[in-house]
Amino acid sequence: MRITVLPRDDRPSGWYANLPDAPPARRLDGRQSADWVVVGAGFAGLAAARRLGELLPDKRIVLIEALRAGLGASGRNSGFIIDLPHNFDSKDMENRELNDRVTRLNRAAIDWLAGLVEKHQIQCQWRKRGKYQAAATPAGERANRPFAAWLAKMGLEHEVLGRDAVAARLGTAHFRQAVYTPNGILMQPAALVRGLAGSMPPNVDVFEESPVTDAEFGTPSRLTTPSGSITAPKIVLATNGFTDGWGFLRHRLIRIVACANLTGPLTDQQLATMGSDENWGVTPVDLGGATLRRTADNRILVRTYMRYGGNVRITATDHARARARGEASFRARWPQLGPPRFEHTWGGIVCLSRNHAPYWGELAPGVLAAVCCNGVGAAKCTIMGRAIAEWAAGVDSEIVRDMATLPKPDDHRLGPLIGAAVNLRLAWAQATAGAER
Ligand SMILES: Cc1cc2nc3c(=O)[nH]c(=O)nc-3n(C[C@H](O)[C@H](O)[C@H](O)COP(=O)(O)OP(=O)(O)OC[C@H]3O[C@@H](n4cnc5c(N)ncnc54)[C@H](O)[C@@H]3O)c2cc1C
Numbered sequence: 002m003r004i005t006v007l008p009r010d011d012r013p014s015g016w017y018a019n020l021p022d023a024p025p026a027r028r029l030d031g032r033q034s035a036d037w038v039v040v041g042a043g044f045a046g047l048a049a050a051r052r053l054g055e056l057l058p059d060k061r062i063v064l065i066e067a068l069r070a071g072l073g074a075s076g077r078n079s080g081f082i083i084d085l086p087h088n089f090d091s092k093d094m095e096n097r098e099l100n101d102r103v104t105r106l107n108r109a110a111i112d113w114l115a116g117l118v119e120k121h122q123i124q125c126q127w128r129k130r131g132k133y134q135a136a137a138t139p140a141g142e143r144a145n146r147p148f149a150a151w152l153a154k155m156g157l158e159h160e161v162l163g164r165d166a167v168a169a170r171l172g173t174a175h176f177r178q179a180v181y182t183p184n185g186i187l188m189q190p191a192a193l194v195r196g197l198a199g200s201m202p203p204n205v206d207v208f209e210e211s212p213v214t215d216a217e218f219g220t221p222s223r224l225t226t227p228s229g230s231i232t233a234p235k236i237v238l239a240t241n242g243f244t245d246g247w248g249f250l251r252h253r254l255i256r257i258v259a260c261a262n263l264t265g266p267l268t269d270q271q272l273a274t275m276g277s278d279e280n281w282g283v284t285p286v287d288l289g290g291a292t293l294r295r296t297a298d299n300r301i302l303v304r305t306y307m308r309y310g311g312n313v314r315i316t317a318t319d320h321a322r323a324r325a326r327g328e329a330s331f332r333a334r335w336p337q338l339g340p341p342r343f344e345h346t347w348g349g350i351v352c353l354s355r356n357h358a359p360y361w362g363e364l365a366p367g368v369l370a371a372v373c374c375n376g377v378g379a380a381k382c383t384i385m386g387r388a389i390a391e392w393a394a395g396v397d398s399e400i401v402r403d404m405a406t407l408p409k410p411d412d413h414r415l416g417p418l419i420g421a422a423v424n425l426r427l428a429w430a431q432a433t434a435g436a437e438r
């Protein structure tokens with residue numbers, strides 16, 4: 002069968018553009034065979050391939066990526082690795098057991114990644130800086146209350162900060178209030194992804210610039226790329242928002258384009274007005290709100306614009322809209338800095354499900370998958386990828402047990418109307434977000 006949805010690099014993210022040039026890609030050439038093929042070198046695929054390599058040292062594991070490692074969504078996000086239930090999870094605040102499980106899984110991902118960053122000396126601006134969930138409007142402040150109450154009830158470390166305290170730390174009086182949680186990670190995502198891909202166990206081969214364009218499933222399955230093909234009895238799809246193009250999970254996955262902007266480094270004069278916290282991340286309380294970061298190298302990231310990602314094409318119009326919205330968000334928060342000097346604007350593909358559940362398991366005999374990040378995949382997809390490898394290798398771990406109890410993606414029930422429905426929802430969220438935007 003022909004794979005109908007293929008990744009494209011619309012343009013490199015600011016994170017990728019600021020990395021040193023990568024050595025030439027090793028592409029899948031000729032006819033090859035392996036014991037396992039993992040497709041997709043995002044957080045899920047990197048974790049699955051690494052863990053399979055660790056658990057099955059006598060087997061050949063192949064990881065295939067359509068682009069370069071770091072060019073997919075895992076390398077072009079906002080760089081938060083969030084330890085707590087976030088956004089959609091936290092709507093169900095009362096489900097203590099589910100939230101405990103999600104927190105345990107996220108923290109296991111962070112611990113594992115932290116160990117790998119340390120062991121392989123991956124230079125990715127890895128910092129335990131937590132995050133501010135900040136509200137600019139009375140409605141936003143109200144929306145933050147259940148989160149703060151939940152943190153208090155669970156005995157989780159946090160601070161609720163008023164306008165002056167936020168201004169003192171972040172250099173902006175824009176926010177009325179913020180809930181700060183200290184245990185998440187901030188990082189440079191393209192550097193982390195490239196570092197993970199470059200430090201695989203010796204029995205894992207990584208092929209880049211090798212889009213799988215055709216697949217025949219069987220025993221073994223055969224995957225074809227423009228310059229080669231590979232057979233393997235076991236395949237793991239770590240293809241997130243592209244998975245329906247393989248004929249699986251139709252009407253269950255919802256593709257979204259999310260865009261971000263990154264400035265050049267702030268000047269010393271600008272930095273003097275920026276508050277006491279030198280490296281921070283702000284997540285919005287509202288779906289239509291802006292995500293913000295001050296990076297370890299003193300750039301400002303603004304993620305604002307989202308739309309339905311039907312055909313995965315990210316266009317010049319997307320970039321122009323993302324930039325205009327990013328500029329407005331920046332000016333509203335830091336008028337003292339003057340107009341933002343955005344050096345990069347880019348988009349990436351995120352995958353959601355109606356009930357905010359990931360897919361983890363066996364899609365067909367010999368075809369496994371760890372997909373559907375629900376917008377916060379740095380932790381979730383890492384642990385999902387690790388869990389699918391452990392499950393496949395017969396390891397009975399707490400991670401596998403926790404993953405096995407999570408729900409699976411529901412049918413979104415909107416058929417071909419999904420694009421219009423999602424765009425309407427996002428446009429409404431962005432139009433009504435007011436100062437959260
Ligand atoms: C602008 C933006 C900001 C975000 N901010 C955050 C954040 O701060 N924190 C967070 O946790 N999440 C964030 N996300 C979401 C996060 O990036 C994703 O959840 C995460 O990257 C998903 O990881 P993954 O491995 O499942 O998928 P991906 O990273 O999408 O990896 C899938 C890979 O499969 C490859 N692939 C697909 N089809 C094929 C094929 N046919 N052949 C070969 N390869 C193929 C793709 O090229 C891709 O590299 C953000 C996303 C965006 C776009």
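Sequential numbering of the sequence shown, starting at 2, is according to my numbering. Glycine included, C-beta positions come from ideal geometry on N, C-alpha and C. Note that the coordinates shown come from a computational prediction; the quantities given were computed from them, not determined experimentally.
query, result
"Measuring only the C-alpha atoms, how far is Gly-327 from Ala-432?", "15 Å"
"Under 6 Å: does the beta carbon of Glu-66 sit that close to some heavy atom of ligand 1?", "yes"
"If you follow the beta strand (DSSP E) that Ser-330 is in, where does it begin and where does it stop?", "Taken as a continuous stretch (DSSP letters only), Ser-330 belongs to no beta strand (DSSP E), being part of the alpha helix (DSSP H) at 317-334."
"Between the stretch 272-280 and the stretch 415-424, can you find at least three pairs of beta-carbon atoms closer than 8 Å?", "no"
"Buried or exposed: which applies to Asp-112, given that a residue is buried once 16 or more other Cβ atoms fall within 10 Å of its Cβ?", "exposed"
"Would you report the Cα separation of Asp-319 and Lys-132, rounded to the nearest angstrom?", "27 Å"
"If you run the structure through DSSP and keep just helix, strand and coil, what is Asn-424?", "helix"
"Could you give the DSSP three-state label for Val-167: helix, strand or coil?", "helix"
"Which of helix, strand or coil does DSSP assign to Met-404?", "helix"
"Which residue comes first and which comes last in the beta strand (DSSP E) that contains Ala-261?", "255-264"
"Going by DSSP in three states, Ile-111 sits in which element: helix, strand or coil?", "helix"
"Classify Glu-98 as helix, strand or coil using the three-state DSSP reduction.", "helix"
"Whose C-beta lies closer than 7 Å to the C-beta of Phe-89 among residues of the same chain, with five residues either side of it excluded?", "Any reading at Phe-89 needs caution, since the residue's pLDDT is 43, under 50, leaving its predicted position unreliable; the model's value is listed next. Result list for Phe-89: His-357, Asn-375, in chain order."
"Quick one: Cα of Val-161 to Cα of Arg-130, how far?", "16 Å"
"Along the chain, where does the beta strand (DSSP E) that runs through Lys-129 open and close?", "Looking at the DSSP string, Lys-129 is not in any beta strand (DSSP E), and its letter there is neither H nor E."
"Using a Cβ-Cβ cut-off of 7 Å (strictly less than) and excluding sequence neighbours within five positions of Thr-104, which residues of its own chain qualify?", "Asp-84, Leu-85, Pro-86"
"Between Asp-10 and Gly-282, what straight-line distance do the alpha-carbon atoms span, to the nearest angstrom?", "26 Å"
"Consult DSSP for Gln-337 and reduce its assignment to one of helix, strand or coil.", "helix"
"What separation, rounded to the nearest whole angstrom, lies between the Cα atoms of Arg-28 and Arg-12?", "20 Å"
"Could you tell me which residues DSSP pairs with Gly-43 in its beta bridges?", "Looking at the DSSP assignment, Gly-43 forms no beta bridge with any residue, so it has no partner."
"Less than 6 Å between the CB of Arg-225 and some heavy atom of ligand 1, yes or no?", "A quick correction: the sequence has Thr, not Arg, at residue 225. Checking the Cβ of Thr-225 against ligand 1 gives no."
"Could you check which residue in Tyr-181, Pro-408, Ala-259, Asp-245 has the C-alpha nearest to that of Leu-7?", "Asp-245"
"Does DSSP put Gly-31 in a helix, a strand or coil?", "strand"
"Can you tell which of Thr-173, Val-39, Leu-56, Gly-80 has its C-alpha closest to the C-alpha of Pro-336?", "Thr-173"
"Report the rounded CA-to-CA distance for Ala-233 versus Ile-65, giving the unit in angstroms.", "13 Å"
"Per DSSP, what are the beta-bridge partners of Leu-369 in this structure?", "Val-237, Glu-363"
"May I have the straight-line CA-CA distance separating Ala-48 from Met-385, to the nearest angstrom?", "8 Å"
"Should Asp-206 be labelled buried (16 or more other beta-carbon atoms within 10 Å of its own) or exposed?", "buried"
"Taking the C-alpha atoms as reference points, what is the distance between Ala-110 and Arg-195?", "17 Å"
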